[in-house]
């Protein structure tokens with residue numbers, strides 16, 4: 019009786035007359051893995067959008083076209099996650115792993131970078147409060163088309179409203195009824211409010227030092243609110259033009275806002291709210307952060323709060339509306355709300371002084 023041959027060993031091949039001709043090696047080379055190309059292809063397809071998001075975040079371009087695509091930088095996390103998972107599956111299944119190990123590592127580093135950029139928005143800073151708190155609402159009225167009755171209900175517990183895309187007709191509505199009763203002070207007011215489109219500041223507290231910023235597509239305004247238990251609070255209604263405006267108006271109008279904020283100095287509490295037409299990863303927002311203005315969403319750890327588009331079949335995708343605070347202020351809570359008639363969600367922030 020013949021004995022079984024061990025796998026992978028050479029066995030003699032019988033000759034024509036049954037004699038051994040010599041050893042024949044059994045071919046044990048592996049068959050190609052099924053679907054390996056699918057996993058690698060999926061990972062590569064997701065890799066490049068993730069890489070583009072990282073490049074846009076690092077370079078932070080000011081050009082209109084690149085700024086438009088950079089609006090979706092936060093979604094690079096999803097692409098990088100798919101890329102990492104695809105490469106990991108392919109790496110586990112692979113027999114030659116060196117190249118896949120390198121690309122998997124690069125994809126993982128990209129994912130880690132992007133998670134690091136977004137993580138602070140989910141972790142509260144817990145700055146200690148030294149004053150009372152007030153509630154601030156910010157909303158884009160979409161050329162005055164927002165439902166003012168719905169806005170009045172949302173603002174029933176607010177202390178300060180910062181509104182943009184306010185038309186003279188909308189200002190008339192804001193200065194009558196429940197909103198006027200709740201917010202007796204407004205900037206602009208009188209003749210200025212009846213002739214110019216732009217931002218508006220409504221307050222329960224007296225407003226002074228009303229100033230129109232240098233002309234932009236939508237006029238921006240600032241004023242100082244005398245808040246009991248807090249003192250003077252400088253409020254700026256911000257609304258630079260969006261990248262679709264062309265001819266670099268987006269970056270130019272952000273520069274107008276930046277230059278004005280530079281004139282305010284560091285010895286006052288400053289709140290800047292409105293529609294910035296920029297996400298936190300855009301160059302103008304990074305510049306404001308470098309200048310000491312932090313997002314209330316970030317300070318409160320409120321997480322992902324996209325505001326545009328609203329009231330649409332498409333859910334809100336990008337957070338381009340913000341409430342920014344200097345280092346003398348903090349936020350304890352930030353939420354978003356929806357008002358019919360506008361394509362932006364509003365933001366509600368509870369803020370207070372820190373020193």
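Residue numbers (the working numbering): 19 to 373. Just so it is clear, CB atoms sit at the ideal spot from N, CA and C, and this is done for glycine as well. Everything numeric in this text was worked out from a predicted model, so none of it was measured.
Point to revise | Cβ distance (whole Å) where residue 287 is taken to contact residue 231 below 8 Å | key: Along the chain shown, one-based indexing puts residue 287 at 269. Along the chain shown, one-based indexing puts residue 231 at 213. Taking C-beta atoms under 8 Å as the contact rule, residue 287 and residue 231 fail to qualify, at a distance of about 19 Å.
Check your understanding: Based on Cα-Cα distance, which residue from 149, 373, 256, 207 lies nearest to residue 225?
Key -> By 1-based counting over the chain shown, the position of residue 225 is 207. Residue 207 is the option with its Cα nearest to residue 225.
Practice item. Please determine, among 111, 364, 102, 284, the residue with the shortest C-alpha to C-alpha distance to residue 326. Key: By 1-based counting over the chain shown, the position of residue 326 is 308. Residue 326 has its Cα closest to that of 364, out of 111, 364, 102, 284.
Exercise for review: Inspect the beta-carbon positions of residue 291 and residue 255 and report whether they are closer than 8 Å.
Suggested key: For the purposes of this step, residue 291 is identified with residue 273 of the chain shown, where counting begins at 1. For the purposes of this step, residue 255 is identified with residue 237 of the chain shown, where counting begins at 1. Note that the C-beta distance between residue 291 and residue 255 is below 8 Å.
Check your understanding: Which of helix, strand or coil does DSSP assign to residue 49?
Key -> On the chain shown, residue 49 is found 31 positions in, with the first residue counted as 1. Any reading at residue 49 must be qualified, since the residue scores a pLDDT of 44, below 50, and its modelled position is unreliable; no value is offered.
Exercise for review: Please confirm whether residue 159 and residue 360 have their CB atoms less than 8 Å apart.
Suggested key: Indexing the chain shown from 1 puts residue 159 at position 141. Indexing the chain shown from 1 puts residue 360 at position 342. Against a cut-off of 8 Å, the Cβ pair of residue 360 and residue 159 comes out as a contact.
Practice item. Determine the extent of the alpha helix (DSSP H) in which residue 308 is found, giving its start and end residues. Key: Counting from 1 along the chain shown, the entry for residue 308 is found at position 290. From DSSP, the alpha helix (DSSP H) with residue 308 extends over 301 to 308.
Exercise for review: Might you give, ordered along the chain, the residues of its own chain that have their beta carbon closer than 6 Å to the beta carbon of residue 202, omitting 5 neighbours on each side?
Suggested key: The count along the chain shown starts at 1 and reaches residue 202 at position 184. Result list for residue 202: empty, nothing under 6 Å.
Exercise for review: Report the rounded CA-to-CA distance for residue 349 versus residue 248, giving the unit in angstroms.
Suggested key: Here residue 349 refers to the residue found at position 331 of the chain shown. Here residue 248 refers to the residue found at position 230 of the chain shown. Each residue's CA atom was taken as its position, placing residue 349 and residue 248 some 14 Å apart.
Exercise for review: Helix, strand or coil for residue 325, going by three-state DSSP, please let me know.
Suggested key: Stepping through the chain shown from its first residue, residue 325 is reached at position 307. Of the three classes helix, strand and coil, the one that applies to residue 325 here is coil, per DSSP.
Exercise for review: Within the same chain, show all residues whose beta-carbon is closer than 6 Å to that of residue 74, passing over the 5 residues directly before and after it, in chain order.
Suggested key: Counting from 1 along the chain shown, the entry for residue 74 is found at position 56. Exclusion of the five residues before and after residue 74 leaves 88, 91 as the residues of its chain whose Cβ lies within less than 6 Å of its Cβ.
Check your understanding: Would you report the Cα separation of residue 104 and residue 241, rounded to the nearest angstrom?
Key -> Within the chain shown, residue 104 is the residue found at index 86, counting from 1. Within the chain shown, residue 241 is the residue found at index 223, counting from 1. The straight-line gap from Cα to Cα measures roughly 53 Å.
Check your understanding: Just reading off the beta strand (DSSP E) that residue 251 is part of, what are its end residues?
Key -> On the chain shown, residue 251 is found 233 positions in, with the first residue counted as 1. That run of the beta strand (DSSP E) goes 249 to 256.
Point to revise | Burial state of residue 366, where buried means 16 or more other Cβ atoms lie within 10 Å | key: Position 348 of the chain shown, counting from 1, holds the residue named residue 366. Buried is the call here.
**Study point:** Cα-Cα separation, residue 378 to residue 289
**Key:** The requested residue 378 is not part of the displayed model; the chain covers only 19 to 373.
Check your understanding: residue 129 to residue 98, Cα distance in whole Å?
Key -> As a first step, residue 129 is located in the chain shown; it is residue number 111 there, counting from the start. As a first step, residue 98 is located in the chain shown; it is residue number 80 there, counting from the start. Distance between the alpha carbons of residue 129 and residue 98: 5 Å.
Review point. Between which two residues does the alpha helix (DSSP H) harbouring residue 272 extend?
Key: As a working note, residue 272 is residue 254 in the chain shown. Per DSSP, residue 272 belongs to the alpha helix (DSSP H) from 267 to 281.
**Study point:** Coil, strand or helix - residue 81 by DSSP
**Key:** The count along the chain shown starts at 1 and reaches residue 81 at position 63. In the three-state reduction of the DSSP assignment, residue 81 falls in the coil class.
Review point. Can you pull the DSSP bridge partners for residue 351?
Key: Residue 351 sits at position 333 when you count from the first residue of the chain shown. Note: residue 351 is bridge-paired with 368 in the DSSP secondary-structure output.
Check your understanding: Taking the continuous alpha helix (DSSP H) assigned at residue 135, which residues delimit it?
Key -> For this step, residue 135 is matched to residue 117 along the chain shown. Element bounds for residue 135: 116 to 136.
Review point. So what does DSSP say about residue 243, is it helix, strand or coil?
Key: Against the chain shown, residue 243 aligns to sequence position 225. Residue 243 falls in the strand class under three-state DSSP.
Review point. Thinking C-beta only, is residue 245 closer than 8 Å to residue 228?
Key: Reading the chain shown from its first residue, position 210 is the one you call residue 228. Reading the chain shown from its first residue, position 227 is the one you call residue 245. No, they are not a contact pair.
Review point. Helix, strand or coil: which one does DSSP assign to residue 168?
Key: In the chain shown, the residue the question calls residue 168 occupies position 150. For residue 168, the three-state secondary structure derived from DSSP is helix.
Exercise for review: Would you mind working out which of 112, 150, 119 sits nearest residue 102, comparing C-alpha positions?
Suggested key: Within the chain shown, residue 102 is the residue found at index 84, counting from 1. Looking at the Cα atoms, 119 is the closest of the given residues.
Review point. Taking Cβ positions, are residue 64 and residue 100 nearer each other than 8 Å?
Key: Translated into the one-based positions of the chain shown, residue 64 becomes position 46. Translated into the one-based positions of the chain shown, residue 100 becomes position 82. Yes; because the gap between Cβ atoms is below 8 Å, this pair is in contact.
Review point. With a cut-off of 8 Å, do at least 3 Cβ pairs link the stretch 314 to 328 to the stretch 131 to 148?
Key: Yes: at least three Cβ pairs fall under 8 Å.
Exercise for review: Write down the C-beta distance between residue 276 and residue 339 rounded to the nearest angstrom, noting that I regard them as a contact closer than 8 Å.
Suggested key: Taking the first residue of the chain shown as position 1, residue 276 is located at position 258. Taking the first residue of the chain shown as position 1, residue 339 is located at position 321. Taking the Cβ atoms as the reference, residue 276 lies roughly 18 Å from residue 339, outside the contact range of under 8 Å.
Review point. Nearest to residue 196 by alpha carbon, out of 81, 171, 235, 345?
Key: Against the chain shown, residue 196 aligns to sequence position 178. Answer by Cα proximity: 171.
Review point. Around the Cβ of residue 187, are there at least 16 other Cβ atoms within 10 angstroms (buried) or fewer (exposed)?
Key: The count along the chain shown starts at 1 and reaches residue 187 at position 169. Residue environment for residue 187: exposed (fewer than 16 other C-beta atoms within 10 angstroms of its C-beta).
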